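First residue of the sequence shown? That's 1 in the UniProt record's numbering, and the numbers climb one at a time after it.
Beta carbons are placed, not taken as given, at the ideal position from N, Cα and C, and that holds for glycine.
In this text, all values refer to a predicted model and were calculated from it rather than measured experimentally.
Data first, discussion second: the structure below is written as structure tokens.
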Amino acid sequence: MAASVYWQTFGPDSGQGSDLVLIHGWGMNGAVWQHLIPQLENHYRIHVVDMPGYGHSTSVAAGTVEAMAEALLHGAPEEAVWLGWSLGGLVAKQAALLAPARISKLITVASSPCFAAGDDWRGIKPQVLRDFQQQLSDDFALTVERFMALQAMGSPTARQDIKQLRQAVLSRPQPSPDALAQGLEILAEVDLRTQLAQIRQPWLRLYGRLDGLVPAKVAADMDHLVPDSPKVMFTKASHAPFISHPEDFISALHAFIEAAQSEGVATSPV
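Printed below as a string of structure tokens:
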């Protein structure tokens, strides 16, 4: 039998409170969410995953975004709110496309349906992604360290943010070099823009205005692609608003999850 990804569950017993799946980003693991758990577990049944090739799931292989989504769907609750950060947001969107009945609401954080910049799209310059791919073969630990610095760049609490990300990475087994390389390929090549109209679930998009990986203007571009999806822009945050602004982040999350589908969600900056 194929290996399964590693899950942790926190909060009320099954059937008491909404199920909430938390998905980390490239180079990280589920420990990035640990500082939020005490504030969330009284409200939701939380399911934290190490994606294939990361943390305690290093023995699990998944070379495509579809395979990653399938691996998570295999062990996730039958129905839950899915929250994905960065690459994890791409995986969550793919899961919503593959199994819409399994995802009741979708939340993406500092994520894009197409991470690579193109003639008609803002994003990470292809050369930056190629450089990271090359550096992986030389020193993958240093490459992950550089990526953490890039994620925090611009944040007023950048030094503290990097420290917290580093502690999360080091608290669990190092990611598989193959998973890191495949993750960069996904970031460079996957483009879900034409499929976004198929996502019917209530969908909240969270962004950091100072984010250098998912530029703030992507949020405005997405307004045209998914006009019914509300957004929240954290004006002083970079790529990891849940680390730099946890209280504002949790407030936005609560408001969205608890709101009836017929009600709007505030889109003003915080």
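Cβ-Cβ separation between H239 and S86: approximately 7 angstroms, consistent with a contact (criterion under 8 angstroms).
By the Cβ neighbour-count rule, H245 is buried, with 16 or more other Cβ atoms within 10 Å of its own.
Excluding the 5 residues flanking it on each side, A117 has same chain C-beta neighbours closer than 8 angstroms at G123, I124, K125, P126, in chain order. Checking the DSSP bridge columns, you'll see H47 partnered with T9, V21.
In this structure, the straight-line span from the alpha carbon of L150 to that of E66 is close to 26 angstroms. The three-state reading of DSSP puts T157 in coil, since its state is none of H, G, I, E or B. Contact between L36 and V190 does not hold, since the beta-carbon distance rounds to 27 angstroms and is not under 8 angstroms.
Counting other Cβ atoms within 10 Å of its Cβ, H74 stays below 16 and is therefore classed as exposed.
Judged by DSSP secondary structure, V65 falls within the alpha helix (DSSP H) whose first and last residues are 65-75.
Membership of S137 in any beta strand (DSSP E) is not indicated; the residue belongs instead to the alpha helix (DSSP H) covering 126-138. The distance from the Cβ of F256 to that of F249 is about 11 angstroms, inconsistent with a contact at the 8 angstroms cut-off.
When C-alpha distances from W33 are compared across L180, D139, G84, the shortest belongs to G84. When the Cα atoms are used, P175 and P52 turn out to be separated by approximately 9 angstroms. Between the C-alpha atoms of F10 and V81 there is a straight-line separation of about 15 angstroms.
If you ignore the 5 residues before and after Q195, its C-beta comes within less than 7 angstroms of the C-beta of L97, all in its own chain and listed in chain order. Put simply, of E258, P177, V218 the residue whose alpha carbon is nearest the alpha carbon of P202 is E258. In this chain, the beta strand (DSSP E) harbouring F234 covers 231-234. Beta-bridge annotation (DSSP): G208 is paired with F234.
In the three-state scheme derived from DSSP, where H, G and I count as helix and E and B as strand, S104 is classed as strand.
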